[in-house]
Ligand code: MF3
Ligand code: CO
């Protein structure tokens, strides 16, 4: 595989791209409530990105017809925004990509609209934890399989959830999808070696029930086979010696989430970024 290592200056530009996604998710987090449509969220996403001198990168990517992917409940990823109103107890993953100064940012966050119940809140919490467990392994000298194993260990083996096999994380840079692929399952010590300057989008997609999924006739919407909920968190990180550098920023999203009385929140896992 053809891995592209970024210089320190390029990583700083990518941090700005990742941060613009974080800021967009923060702006949206403040507006979430029952009764709004996912299409209205998508419109705001497009406006916010364009107001910040950037391009919504998902729009027209392989023909994708919206600014963002909005995946509610049993939708795993690539949900189409639409006229359906959110209701109390829905969980909603908002996945956003931007191109700023030629560099991609791409990350996602799952929110709970009101109370989805204890079981679903645990799925959200464990999926977010698994993302950080993966990031802990994203250090120079390790391999992709170390990240993958850590995510699978925490979600599948420890908590009995289903790890989606068909969709994976990826390298990120001047293109939305660069090498290597970053699966959320695998063997320790397997796969490509990690070197400083490799920027990755790590994105566990974790199902409450079966890991099996199907794609709807629209060619995009991916749903769980059993109709049970699925959660997706995604961070952009840069591989470094000893500790990965997280380019995206959940702390501002979590602050907006806590402030919005319509949202149920998880524990804050890594308030410093
Ligand atoms: N985070 C997803 C990914 O990395 C979103 C891509 S959706 C698409 O693949 F619309 F751009 F295809
Ligand atoms: Co991605």
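In our numbering, the protein residues as written are 6 to 278. Where is the CB? At the ideal position from N, CA and C, for every residue including glycine. It should be emphasised that the depicted structure is a prediction, and the values quoted were computed from it without experimental measurement.
Ligand 2 heavy atom lying under 6 Å from the CB of residue i
i           : result
residue 183 : no
residue 111 : yes
residue 3   : A question about residue 3 goes unanswered here, because the residues of the chain that appear run from 6 up to 278.
residue 171 : no
residue 143 : no
residue 206 : yes
Residue i, buried or exposed, once every other Cβ within 10 Å from all chains shown has been counted against 16
i           : result
residue 277 : Model confidence at residue 277 stands at a pLDDT of 39, short of 50, so the residue's coordinates are unreliable and nothing is read from them.
residue 72  : buried
residue 216 : buried
residue 179 : exposed
residue 167 : buried
residue 79  : buried
residue 208 : buried
residue 266 : exposed
residue 90  : exposed
residue 159 : buried
residue 224 : exposed
residue 20  : buried
residue 7   : exposed
residue 251 : buried
residue 222 : exposed
residue 246 : exposed
residue 135 : buried
residue 255 : buried
residue 137 : buried
residue 147 : buried
residue 88  : exposed
residue 241 : buried
residue 75  : buried
residue 121 : buried
residue 101 : buried
Any non-hydrogen atom of ligand 1 closer than 6 Å to residue i Cβ
i           : result
residue 63  : yes
residue 66  : yes
residue 217 : no
residue 114 : no
residue 74  : yes
residue 137 : no
residue 79  : no
residue 69  : yes
Whole-number beta carbon distance between residue j and residue i, since they are thought to touch under 8 Å
i           : j           : result
residue 226 : residue 109 : Actually they do not touch by this definition, with Cβ atoms about 23 Å apart.
residue 228 : residue 125 : Contact flag wrong, Cβ pair sits at about 16 Å.
residue 129 : residue 117 : 6 Å
residue 77  : residue 43  : 7 Å
residue 258 : residue 27  : 6 Å
residue 98  : residue 236 : 7 Å
residue 187 : residue 149 : 6 Å
residue 200 : residue 173 : Not really, about 19 Å apart at Cβ, beyond 8 Å.
residue 103 : residue 59  : 4 Å
residue 34  : residue 111 : With 8 Å as the limit, residue 34 and residue 111 do not qualify as a contact, their Cβ atoms being about 18 Å apart.
residue 204 : residue 176 : 7 Å
Proximity test, residue i beta-carbon vs ligand 3 heavy atom, cut-off 6 Å
i           : result
residue 100 : For ligand 3, the structure offers nothing, since it holds only ligand 1 and ligand 2.
Notebook entry, point to check: Where are the beta strand (DSSP E) runs, 3 residues long or more, that stay fully inside the segment 102 to 165, in chain order?
Noted result: List check, beta strand (DSSP E) in window: 108 to 118.
Next item on the list: Can you check the segment 6 to 59 for any alpha helix (DSSP H) of at least 4 residues that lies completely inside it and give the ranges in chain order?
Entry: 13 to 34 and 43 to 56
Check: Which full runs of the beta strand (DSSP E) of 3+ residues lie inside the segment 156 to 239, going along the chain?
Finding: 174 to 176, 183 to 187, 204 to 207, 210 to 212, 218 to 220, 227 to 229 and 235 to 237
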